[in-house]
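There are 2 protein chains.
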Amino acid sequence: MQQTNNIILSLIEKVYANESSKNVSLKKYLKGADILKQGQITQHVLIVKNGLVKCFYSEENCKEFIFDFLGSGEVVGEIEAIRHIKCLCNIQAVTDVEAYSFSTSCFHSLIEQNREFRDVILGELAERLIKTSQRASFQKAYSAKYGLLKLLDIQKEGNLKLSKSDMASYLGIDIRSLNRLLHAEQDKNVRLISHTI
Amino acid sequence: MQQTNNIILSLIEKVYANESSKNVSLKKYLKGADILKQGQITQHVLIVKNGLVKCFYSEENCKEFIFDFLGSGEVVGEIEAIRHIKCLCNIQAVTDVEAYSFSTSCFHSLIEQNREFRDVILGELAERLIKTSQRASFQKAYSAKYGLLKLLDIQKEGNLKLSKSDMASYLGIDIRSLNRLLHAEQDKNVRLISHTI
DNA sequence: AACATAAAAGGACAAATGTCCTAACAACAT
DNA sequence: ATGTTGTTAGGACATTTGTCCTTTTATGTT
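In order, the protein sequence lines correspond to chains A and B.
With the first letter of the first sequence counted as 1, position 189 gets the number 189 in the numbering used here; the numbers rise by one all the way through.
With the first letter of the second sequence counted as 1, position 156 gets the number 156 in the numbering used here; the numbers rise by one all the way through.
Next comes the structure, spelled out in structure tokens:
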């Protein structure tokens, strides 16, 4: 889930300071705000300064699938910029969020002229591809129970609290199933505890 | 599934011709051959000249998940080169395959020096991320039936025949489930036909 | 031809997951 | 305080998917 990418953040902050916010601006979003909407044309690339955003598809059958949570130092809208396409998915602020914003043309010239920036973006794309494909594989190879355990770990570790609805969308299951699994886990813990007494 | 990326292919063929195979070599693999094995250290990046390869994870519970089929003009091992990591997954030849092979250091200097190559790789990564995340979402939002219909279309379109086992691994379901779904589809067609008589 | 081996098909049952509903509860505006 | 809305919880049932097994059908080999 959200890993802090300090390199890209300090890079963009350097640009922000140098160019005295001509090309780069700092935007703020309140918790729950829509940052990008699926299908919308966008002209900007964002780099999260702080806070957490969720990236999710809205499928035609009205189900949502969260395929990533992005945090400090992570990039949003770069795929759309690279491929010159409309927004693939929705981006929504899970907490209050600050993000550096710059135009796609600015993004392209950074890629062109700033070797470090380019390498970071390449690495970022590769990393995300790894995460995404590994998760897809895991979710298909194991029952939702194991996905839930992983998710609970991530939440504990990152000290982040997700709504039940978000958890279900991340796991790709129904809320009802999530509740059942949580219940089963709880039961198991109770049994463990009473066993140790 | 496999889309032909002519740009990168002609690019690498130019390099192959120019450098008289000093840095780039053309390798051949027979159908079924292991091209890369998960966890193995690799020093090469490959670009498929012709044929089809499958990329799949072997999970610890012995299940396999095919997350992509790559064809002519598509790149293999670039993520490992970018992130300097061991092979993420297995790559296996589905048909007989010819592929251009070059060292990771050669890959990096191409990225560095050849703008066109770099842009193509960036585009390739972005495109694959789109495919992967969209498929993950689709597979969770819809029952396997719809995934199967999509897969059948892809197969017809690409005129490619997959084994049942590969189809199941691609859909992330058991062979037994695949057979059931195929059966149901067949029944539906029979009903449709007898209805039109 | 005879055999070995792998791939495909499907029965029977168990487990996991989804759908539809209703109820309880908290948060919040009027 | 009251109504409204959104979130959480869970019962009951249907559907989907997995697991285990056996049988059949191809495929290749000696």
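Ideal placement from N, C-alpha and C gives every residue a C-beta, glycine not left out.
As the structure is a computational prediction, the values presented were derived from the model and not from experiment.
Terminal residues of the continuous beta strand (DSSP E) containing B:E64? The sequence position of residue 64 of chain B within the second sequence is 64, counting from 1. B:E64: member of the beta strand (DSSP E) spanning 64–70, first to last residue.
CB contact check: B:L148 to chain A, cutoff 8 Å: What you label residue 148 of chain B is simply residue 148 of the second sequence in a count that begins at 1. No - not a single Cβ of chain A is within 8 Å of the one on B:L148.
Measure the C-alpha to C-alpha separation of A:D166 and A:I47 and round it to an integer number of angstroms. As a working note, residue 166 of chain A is residue 166 in the first sequence. As a working note, residue 47 of chain A is residue 47 in the first sequence. So the two alpha carbons sit approximately 22 Å from each other.
Would a check of beta-carbon distances place A:G123 closer than 8 Å to chain B? The sequence position of residue 123 of chain A within the first sequence is 123, counting from 1. So, interface residue.
Helix or strand or just coil, what does DSSP make of B:D34? Numbered from 1 along the second sequence, position 34 holds the residue referred to as residue 34 of chain B. Taken through DSSP and simplified to helix, strand or coil, B:D34 comes out as strand.
Beta strand (DSSP E) segment containing A:N23, residue limits: In the first sequence, residue 23 of chain A corresponds to position 23, counting from 1. Element bounds for A:N23: n/a, residue is neither H nor E.
For B:S177, tell me which candidate among B:Y57, B:V53, B:K145 has the shortest Cα-Cα distance. Walking along the second sequence from the start, residue 177 of chain B turns up at place 177. Comparing Cα-Cα distances from B:S177 to each of B:Y57, B:V53, B:K145, the minimum goes to B:K145.
What do you get for B:L149, buried or exposed, if any count of 16 or more other CB atoms within 10 angstroms of its CB means buried? As a position in the second sequence, residue 149 of chain B is number 149, starting the count at 1. An exposed status is given to B:L149, since fewer than 16 other beta-carbon atoms sit within 10 Å of its beta-carbon.
Spell out whether any CB of chain B is found under 8 Å from the CB atom of A:L129. On the first sequence, position 129 is the one that residue 129 of chain A refers to. By this cut-off, A:L129 is an interface position.
Proximal residues of chain A, C-beta to C-beta of B:A126 below 7 Å: Taking the second sequence and counting its residues from 1, one reaches residue 126 of chain B at position 126. Those are I79, I82, R83, L125, listed as they occur along chain A.
Segment contact flag, the segment 64–81 of chain A with the segment 125–144 of chain B, C-beta cutoff 8 Å, min 3 pairs: Judged by Cβ distances under 8 Å, the segment 64–81 of chain A makes contact with the segment 125–144 of chain B, as three or more pairs qualify.
Helix, strand or coil: which one does DSSP assign to B:L88? As a first step, residue 88 of chain B is located in the second sequence; it is residue number 88 there, counting from the start. DSSP places B:L88 in coil when its eight states are reduced to three.
So, are the CB atoms of A:C87 and A:Q38 less than 8 Å apart? Your numbering for residue 87 of chain A matches position 87 in the first sequence. Your numbering for residue 38 of chain A matches position 38 in the first sequence. Against a cut-off of 8 Å, the Cβ pair of A:Q38 and A:C87 comes out as a contact.
Residues near B:Y57 by beta carbon distance below 6 Å, same chain, minus five either side: One-based indexing of the second sequence puts residue 57 of chain B at position 57. Here the set comprises F65, C89.
Status (buried if at least 16 other CB within 10 Å, exposed otherwise) for B:E124: Translated into the one-based positions of the second sequence, residue 124 of chain B becomes position 124. So B:E124 counts as buried.
Return yes when the Cβ of B:K161 is within less than 8 Å of the Cβ of B:I175, no when it is not. Taking the second sequence and counting its residues from 1, the one referred to as residue 175 of chain B is at position 175. Taking the second sequence and counting its residues from 1, the one referred to as residue 161 of chain B is at position 161. No; because the gap between Cβ atoms is not below 8 Å, this pair is not in contact.
Output, in sequence order along the chain, the residues in the segment 162–182 of chain A whose CB is closer than 7 Å to any CB in chain B. G172
Around the Cβ of B:A81, are there at least 16 other Cβ atoms within 10 angstroms (buried) or fewer (exposed)? Stepping through the second sequence from its first residue, residue 81 of chain B is reached at position 81. Buried is the call here.
Alpha helix (DSSP H) runs contained entirely in the segment 93–119 of chain A, provided each spans 4 or more residues: 104–113
Hey, would you say B:V76 sits closer than 8 Å to B:L36, going by beta carbons? As a first step, residue 76 of chain B is located in the second sequence; it is residue number 76 there, counting from the start. As a first step, residue 36 of chain B is located in the second sequence; it is residue number 36 there, counting from the start. The answer is yes: Cβ separation under 8 Å.
Skipping 5 residues on each side, what residues in its chain have a beta carbon closer than 6 Å to that of B:K27? Taking the first residue of the second sequence as 1, we reach residue 27 of chain B at position 27. For B:K27, where only same-chain residues beyond five positions count, the Cβ hits under 6 Å are A99, S101.
Residues bridged to A:H44 (per DSSP): Reading the first sequence from its first residue, position 44 is the one you call residue 44 of chain A. DSSP, once it has assigned bridges, lists A:S103 as partnering A:H44.
How should A:Q113 be labelled, buried or exposed, when 16 other C-beta atoms within 10 angstroms of its C-beta is the threshold for buried? Taking the first residue of the first sequence as position 1, residue 113 of chain A is located at position 113. A:Q113 is exposed by the Cβ-count criterion.
If I follow the unbroken alpha helix (DSSP H) through B:K54, where does it start and stop? In the second sequence, the residue the question calls residue 54 of chain B occupies position 54. First-last for B:K54: 53–58, but that is the beta strand (DSSP E), not the alpha helix (DSSP H).
Locate the alpha helix (DSSP H) running through A:E13, then write down its first and last residues. One-based indexing of the first sequence puts residue 13 of chain A at position 13. That run of the alpha helix (DSSP H) goes 6–18.
Alpha carbon to alpha carbon, how far is A:V15 from B:K131? Give it in angstroms, no decimals. For the purposes of this step, residue 131 of chain B is taken as residue 131 along the second sequence, with counting starting at 1. For the purposes of this step, residue 15 of chain A is taken as residue 15 along the first sequence, with counting starting at 1. A straight-line Cα-Cα distance of about 32 Å links B:K131 and A:V15.
On the three-state DSSP scale, how would you describe A:V146? One-based indexing of the first sequence puts residue 146 of chain A at position 146. The question names Val, but residue 146 of chain A is Tyr in the sequence shown. If DSSP states are grouped into helix, strand and coil, A:Y146 belongs with the helices.
Residue burial classification, A:L30 (beta-carbon count within 10 angstroms, cutoff 16): Residue mapping note: residue 30 of chain A aligns to position 30 of the first sequence, counting from 1. Its Cβ having fewer than 16 others within 10 Å, A:L30 is exposed.
Closer than 9 Å between beta carbons: that is the criterion. Which residues of the segment 132–144 of chain B meet it against chain A? Only those residues of the segment 132–144 of chain B whose C-beta falls short of 9 Å from the nearest C-beta of chain A are listed: T132, S133, Q134, R135, A136, S137, F138, Q139, K140, A141, Y142.
Using three-state DSSP, classify B:K131 as helix, strand or coil. By 1-based counting over the second sequence, the position of residue 131 of chain B is 131. Correct three-state label for B:K131: helix.
Nearest chain A C-beta to B:I197 closer than 8 Å, yes or no? As a working mapping, residue 197 of chain B is identified with position 197 in the second sequence. With a pLDDT of only 48 at B:I197, under the threshold of 50, the placement of this residue in the model should not be trusted; the figure read from the coordinates follows. B:I197 is outside the set of residues whose beta carbon lies under 8 Å from a beta carbon in chain A.
Out of B:I12, B:A168, B:G158, point me to the one whose CA is closest to B:G202's CA. Residue coverage of chain B in this structure runs from 1 to 197, which leaves residue 202 of chain B outside it and unanswerable.
Report the residue from B:E74, B:L129, B:L9, B:E78 whose alpha carbon sits nearest the alpha carbon of B:C106. Along the second sequence, one-based indexing puts residue 106 of chain B at 106. Checking every option, the nearest Cα to that of B:C106 belongs to B:E78.
Contact check, A:V94 vs A:K54, beta carbons under 8 Å: Taking the first residue of the first sequence as 1, we reach residue 94 of chain A at position 94. Taking the first residue of the first sequence as 1, we reach residue 54 of chain A at position 54. Yes, Cβ-Cβ distance for A:V94 and A:K54 is below 8 Å.
Around the C-beta of B:S25, are 16 or more other C-beta atoms found within 10 angstroms, so that it is buried, or is it exposed? Taking the first residue of the second sequence as 1, we reach residue 25 of chain B at position 25. Under this definition B:S25 is an exposed residue.
Nearest-angstrom Cα distance between B:E116 and B:L171? Indexing the second sequence from 1 puts residue 116 of chain B at position 116. Indexing the second sequence from 1 puts residue 171 of chain B at position 171. Roughly 35 Å between the two C-alpha positions.
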